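Chemist: Chains as they are written, first to last, in this note's numbering: chain A, 12 to 676; chain B, 12 to 676.
The structure under discussion is supplied below as structure tokens; questions concerning it will follow.
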């Protein structure tokens, strides 16, 4: 039976993912803003509170009062600070403000000349009930003082006047009776990640290619030498492809050839040999201690290591012998390699996530143990390879159970697949997702895609991590567009979202592809490489500058505030972001054409960025340092292709003689 | 722990109200169309089924196969017939089509020249498992025949060919293995009402005013005399304001005066005196048997009675003595009347739906007993007075528990209040709702409001019952617009939605108001009246005609198919509806100006109504019988204000010489 004590309707609660089926995502220090429809029958005055608590620690609810923003539609809004890195529950409580309702009705009746003697008895009873439930002695004393004043009062008017005492009303408001309190159930959830989930610059490199000898693997100790340079460019996450022993069976040679020579190191995504599997380090890179030294070195420079979690087993992986039941088998009992006829992937044995007879449980737990092992070694970020080829419920279980104890561990989903799968992976727990950014090069498609990523319901649970290149993708725009394209794509990656990354070589404008493909020629995936990290034409200073601009401007620490603005040239993209406190305003124009200079009128959205028409302001271009003084929303830009992006900070120009202390002296 | 056996993601299911928190509404004979996002990891072939069962009878699920409508977005769609008047559950089941997946992969490998010996063993095992689970002996025999053919086959190619046998594939498809079947949980709900919930014409009258003596109440026996005329106009629901004994204390006199004379009958909404309460009949109207005779007479004419359920108790109601604990009390123990200072409603004692010490439970059950009592007397439709002044959870409980045993009982919510409350009442169970139609007179506001009612998410759960007048509302458009307004507002009510009603007197164009108010002068609410039902200027023939048009044209039996079309005159509203089978097409133009003729170009939406550009068609105007032959989408209409609505049936004009049998003889 429904309960007469809970008469409120609480609905249309926003934000919520699929009506509360999955958590929304926020970051530490954010204010969670919630709106809802709240009402009950009758004309009593309503109070509503936004409630918040950590899900797993069984802590108390904290409350934050909501306010009615539209009485006719019974719309309420409230907000609450999200202080810690944890999974929180939030919900709404509503109840009738009995004392204010009584006071309002009685005052109305009194003004209309009615006899309020009976009402005054009711009001006194409300106050007595309130006093008896008060936790604070001081408040009780105050109410007793009010009672004595009411006793002494001679007329009903006098009594009603005492009931309206300002301090009394405040004290009662702090200690409300909640006879009809109704709670929204079940509560909704918000995963509050650390800020790095939203704001970070990733640098990906193959550790074995960080040395000087093309005939052997570089080591973690050599990688440590590379860190100052990476730090210097302004990165704060160092992401490594798999670092585990590599299979020998059907090992791939250079350029993905089917036969490796005796000295070819193989592809690090074919994991496992007699030296170990997912919890071991490839001996060519060093020992586990060397890895720990590397991880420590990163941390000391205020950078973090992100590890690749690639659930691929080579035929030589220890699991094959120890747990053959985890793999797919042929009728003759042999283990199946991966294939997509006519292609065979004989260097990989896929795991069976629904392994029969409950064996899948052990497999799932082993996968979690891999994460927990590396977490124990200091790794708090995992980039997950091809999660869409494993069951969605597996990821939901794995991430939930890891983050329950380790809410600081972040997971990046490398799923370049159909939108619903990418969204489902984000809903069930992935902290971040790769995006289609890599293939969005033209104005219309960039605007459409990033409006969806940052403004649609998906923005509540999906954070794009933008990579202009990856070891698997050297996009055509970089192959053809050369250095200008590397510059513009870098600025787009660094500013359209708030977390982004590059795969090493990008800073060298490396763009030699396997002809007709998006693959790098002589890819590091299959061989040792030695790089000249200071070769002519490199972008290192530019990258450093843009990363500095990112750090210094809070507007660029957020993604969901992205807004596109108008420019009358289809090759010029114009967009901006405003910081949550609205004090930092960034406007960006990018020439998307790597071959020609482009000019056009941009229309500065004065109102959106808090400027009055006619107000003077300055556009301070942060890459070159150029400054422009403006008063109008129209501004003609001419952007040369070899310096294709301008990042303006809008600065008010509101000094007047009155601004200075001396004026009124 | 998540389960490896249920790897499918099933989401974005439409239709659903608040993610499944409340049932959607449909009517018997409808097809429920459902769309969803359905997928799992990997490249297996998916099958998905829409499942349906009655909620309360614990019956088996019936299944209807869904089809993939967008592979890239994993969108699926299916539909199922809703056969009975009941609350149903619906959900989606998805699983991998193991045999088709195997056949597809093996064929691919074979074509690529691979060795499929191992695959053939797997395929045979799949078929054997399929056979062992088959319920039908005939199918098993067929599979055994296939096995013998496979045994005799000499080459792998030959075996694969047998595996692709068309009949085999059909039989396996009928008996699929469902190893990884995943069910959407919890299921969603659909309340399947009888068709009258959607399509009906209501006629409201005060039974005591259906006679010939202005000094006494007419009786139910006299009311029976009125029925042929009401039936003749084409109505099928006869709705009566409260028929119960009326309180004496503070009884209201004519025109809502505070003091009634000794012969004044009082307002039927002040219910209860020493002769009984909500389960009694006002003696002036007759006995309960007389009411039953009236109800039977309606039923024999294929009409239904709708009763008013007004939870108002006069101070003389038997509950006051029997259950003082159900009322609000003053500190001195006396019962409170309703008041809104400076107004006092001393003829009404409000009930306390949260009566203390659990007394509310008895009260709630008594309210349900009132419904069940009248249901037992044959009443299956209740119009609920002011539901928004009682708790929403009370209605949810009452309607759910009544409809569990009596799904044919319909509830109309008379809540002229804020949109969220009206929507909440519809969500928690009300079959129909009054609307703001009464106050929507101009083109823009009619289009906006009815687009919301029929196209927004609210259309899934809220059915508007359109009244151009009620005993409480004689709108200004009728007061000023006279007969032309009565005609146009009638057609709007009868065709914008699919269920509508008028309050008697409308057919007489009765429009004398209390000056400056929307109240009828000398309202029947407070006095006996005698009417001349055939007085000059009446609309009876017009009403009869329009109701006949409604009955004959299935397009007008539905509301959610309403679409507005273009006309270049702001005083002309142009809209239409198409029947579910798309064979009945109705277009309507209404001159909204009751004072002037209006002309304008309407633009016939050829594509929407299934006509090719250039195709000949006829507009058959069903009120006058006029016919227009057209070939173009543009049509100029000139609508005189005294005949303000045209209802066109679109008829194809596709006869050609080839149409006739003789042509090819």
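Built from N, CA and C at the ideal position, the CB exists for glycine as well.
For clarity, every value in this text was computed on a predicted model and none was experimentally measured.
In chain B, what lies closer than 7 Å to residue 85(A) by C-beta?
Modeler: Near residue 85(A) (Cβ distances below 7 Å), the residues of chain B are 429 and 431.
Chemist: To which residues does DSSP link residue 75(A) through a beta bridge?
Modeler: According to DSSP, residue 75(A) bridges with 61(A).
Chemist: Candidates 499(A), 636(A) and 525(A): which alpha carbon is nearest residue 606(A)'s?
Modeler: Nearest of 499(A), 636(A) and 525(A) to residue 606(A), Cα basis: 499(A).
Chemist: Helix, strand or coil: how does DSSP classify residue 469(A) here?
Modeler: helix
Chemist: Determine the burial state of residue 478(A): buried for a count of at least 16 other Cβ atoms within 10 Å of its Cβ, exposed for fewer.
Modeler: buried
Chemist: With DSSP run on the structure shown, which of helix, strand or coil describes residue 531(B)?
Modeler: strand
Chemist: Compare the C-beta of residue 402(B) against all C-beta atoms of chain A and say whether one is closer than 7 Å.
Modeler: yes
Chemist: In the structure shown, what three-state DSSP assignment does residue 160(B) receive?
Modeler: helix
Chemist: Could you list which residues in chain B have their beta carbon closer than 7 Å to that of residue 17(A), in chain order?
Modeler: Within 7 Å Cβ-Cβ: 404.
Chemist: Identify whether residue 166(A) lies in helix, strand or coil by the three-state DSSP scheme.
Modeler: coil
Chemist: Mind checking which residues open and close the beta strand (DSSP E) that includes residue 645(B)?
Modeler: From DSSP, the beta strand (DSSP E) with residue 645(B) extends over 645-650.
Chemist: So which residues of chain A does residue 364(B) contact, with C-beta pairs closer than 7 Å?
Modeler: 15
Chemist: Apart from the five residues on each side of it in sequence, which residues of its chain come closer than 7 Å, Cβ to Cβ, to residue 509(B)?
Modeler: Setting aside the 5 residues that flank it on each side, residue 509(B) is surrounded in the same chain by 209, 210, 567, 568, 569 and 570, each with a C-beta closer than 7 Å to its C-beta; the list follows chain order.
Chemist: Using only CA atoms, which one of 410(B), 44(B), 434(B) and 155(B) lies nearest to residue 591(B)?
Modeler: Of 410(B), 44(B), 434(B) and 155(B), the residue nearest in Cα terms is 44(B).
Chemist: Could you list which residues in chain A have their beta carbon closer than 9 Å to that of residue 407(B), in chain order?
Modeler: In chain order: 13.
Chemist: Taking only beta-carbon atoms, is residue 174(A) less than 7 Å away from chain B?
Modeler: no
Chemist: Compare the C-beta of residue 337(A) with all C-beta atoms of chain B and state if any pair is closer than 7 Å.
Modeler: With 7 Å as the cut-off, residue 337(A) does not count as an interface residue toward chain B.
Chemist: Would you mind telling me which residues of chain B sit closer than 9 Å to residue 344(A), beta carbon to beta carbon, in chain order?
Modeler: Correct list: empty, because the minimum Cβ distance to chain B is about 11 Å.
Chemist: Going by alpha carbons, who is nearest to residue 752(A) out of 361(A), 144(A), 31(A) and 395(A)?
Modeler: Within the shown structure, residues of chain A are numbered from 12 to 676, placing residue 752(A) beyond reach of any answer.
Chemist: How big is the Cα-Cα spacing for residue 546(B) and residue 486(B)?
Modeler: In a straight line, the C-alpha of residue 546(B) is about 22 Å away from that of residue 486(B).
Chemist: Hey, quick one: how far does the beta strand (DSSP E) through residue 49(B) stretch, first residue to last?
Modeler: 42-50
Chemist: I'd like the span of the alpha helix (DSSP H) that includes residue 492(B), first residue to last.
Modeler: 487-507
Chemist: Would you verify that the beta carbon of residue 4(B) is, or is not, closer than 7 Å to some beta carbon of chain A?
Modeler: The question about residue 4(B) has no answer, for chain B in this structure spans 12 to 676.
Chemist: Please confirm whether residue 258(A) has its beta-carbon closer than 7 Å to some beta-carbon of chain B.
Modeler: no
Chemist: Compile a chain-ordered list of the residues in the segment 20-43 of chain B whose CB is closer than 9 Å to at least one CB of chain A.
Modeler: 20, 22, 23, 27, 29, 30, 31 and 32
Chemist: Taking just the CA atoms, how far does residue 407(A) sit from residue 264(A)?
Modeler: 36 Å
Chemist: Figure out for me which residue from 245(A), 34(A), 204(A) and 304(A) has the closest Cα to the Cα of residue 233(A).
Modeler: 304(A)
Chemist: Closer than 7 Å, Cβ to any Cβ of chain B: which residues of the segment 347-362 of chain A, in chain order?
Modeler: 352 and 353
Chemist: Does the distance from the CB of residue 558(A) to the CB of residue 245(A) come in under 7 Å?
Modeler: yes
Chemist: DSSP on residue 378(B), reduced to helix/strand/coil?
Modeler: Taken through DSSP and simplified to helix, strand or coil, residue 378(B) comes out as helix.
Chemist: When the cut-off is 7 Å and only beta carbons count, does residue 559(B) lie next to chain A?
Modeler: no
Chemist: Report buried or exposed for residue 476(B), applying the criterion of at least 16 other Cβ atoms within 10 angstroms of its Cβ.
Modeler: buried
Chemist: So which residues of chain B does residue 129(A) contact, with C-beta pairs closer than 8 Å?
Modeler: 341, 342 and 343
Chemist: Going along chain A, which residues have a C-beta under 7 Å from residue 132(B)?
Modeler: 342
Chemist: Return helix, strand or coil for residue 664(A), following the three-state DSSP convention.
Modeler: coil
Chemist: Could you pull out every unbroken alpha helix (DSSP H) segment of at least 4 residues lying fully inside the segment 412-447 of chain A, listed in chain order?
Modeler: If we require 4 residues or more, the alpha helix (DSSP H) runs fully inside the segment 412-447 of chain A come out as 430-439.
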